[in-house]
Amino acid sequence: MKHKNIIIVGFMGTGKTAVGKAMAERLGWRFVDTDHYIESKQGTTISDMFRDLGEPAFRNMEGEAIAAVLEGSRQVVATGGGAVLAEHNRVCMQQEGYVVALKAAPEVIINRVKQDEKRPLVQGDVKERVYSLLEARKHAYDFADLIIDSSTASVEEIVEQVIDAIQ
Ligand SMILES: Nc1ncnc2c1ncn2[C@@H]1O[C@H](COP(=O)(O)OP(=O)(O)O)[C@@H](O)[C@H]1O
Ligand SMILES: O=C(O)C1=C[C@@H](OP(=O)(O)O)[C@@H](O)[C@H](O)C1
Ligand SMILES: [Mg+2]
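Quick note: the sequence shown uses the working numbering, first residue 15, plus one each step.
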């Protein structure tokens, strides 16, 4: 494998965590989800961090997590949906691995995120929040090396598409 790491970016609910875990198993690589990494380091949840410390504090922790995790190799790293917003994170990802962006149709995203409360940015009017964030982030994932639509593909099919593309 010519790549140091595989990094998965994409909007909330596109399947980064699910695909990342399956891909790491398939490759026999370590799996790191930056949200889980931050939660275990801070001993709290993403929602509580947003509520108690605010989004800018979370973004700082996210930047530190990405830089620290990507020092390692042979890892599949699932990021949070907003990790791509900071240019320094994008540069780090491009330098340290192969970047895969997952995308999905808005209705699919809404269905996948509406049943849980762990995403503070899409609480309340989920449909309105998803549409307005999708608009604000419509080009945020364009920098990836590969873009895959997860709307109708299974997790296993997406893993195979990535493996095919990098071999
Ligand atoms: N390809 C897929 N097909 C169907 N459901 C999926 C797929 N990928 C993820 N899911 C489901 O969608 C929800 C959100 O997935 P998750 O991996 O947490 O997304 P993300 O990390 O991008 O926010 C989860 O319930 C997950 O099981
Ligand atoms: O899009 C975002 O700004 C966020 C996405 C979340 O991760 P997922 O994309 O895994 O849901 C998590 O990092 C946080 O709630 C903020
Ligand atoms: Mg996730």
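The beta carbon of each residue, even a glycine, is placed where N, CA and C say it ideally should be.
Item, Value
"Can you tell me where the beta strand (DSSP E) holding V114 begins and where it ends?", "Y112 to K117"
"Do you know how far the Cα of V169 is from the Cα of I161?", "14 Å"
"Contact defined as beta carbons within less than 8 Å: I believe S164 pairs with I172. What is the distance between those atoms, to the nearest angstrom?", "6 Å"
"Comparing C-alpha positions only, which one of A36, M75, G68 and D66 sits nearest to S54?", "M75"
"Quick one: using the 10 Å Cβ neighbour count with 16 as the cut-off for buried, is R65 buried or exposed?", "exposed"
"Cutting at 6 Å between CB atoms, please list the residues of its own chain near A154, excluding the five before and the five after it.", "V98"
"Identify, in the order they occur along the chain, each residue of the same chain with its Cβ nearer than 6 Å to the Cβ of D159, setting aside the five sequence neighbours on each side.", "Y112 and V113"
"Looking at the unbroken alpha helix (DSSP H) that takes in L148, where does it start and where does it end?", "V140 to A150"
"Taking three-plus beta-carbon pairs below 8 Å as touching, is the region 75-84 in contact with the region 102-112?", "yes"
"With a Cβ-Cβ cutoff of 8 Å, do A119 and K30 count as a contact?", "no"
"DSSP three-state label for L67, please.", "coil"
"Can you determine whether any heavy atom of ligand 2 sits closer than 7 Å to the C-beta of T58, and answer yes or no?", "no"
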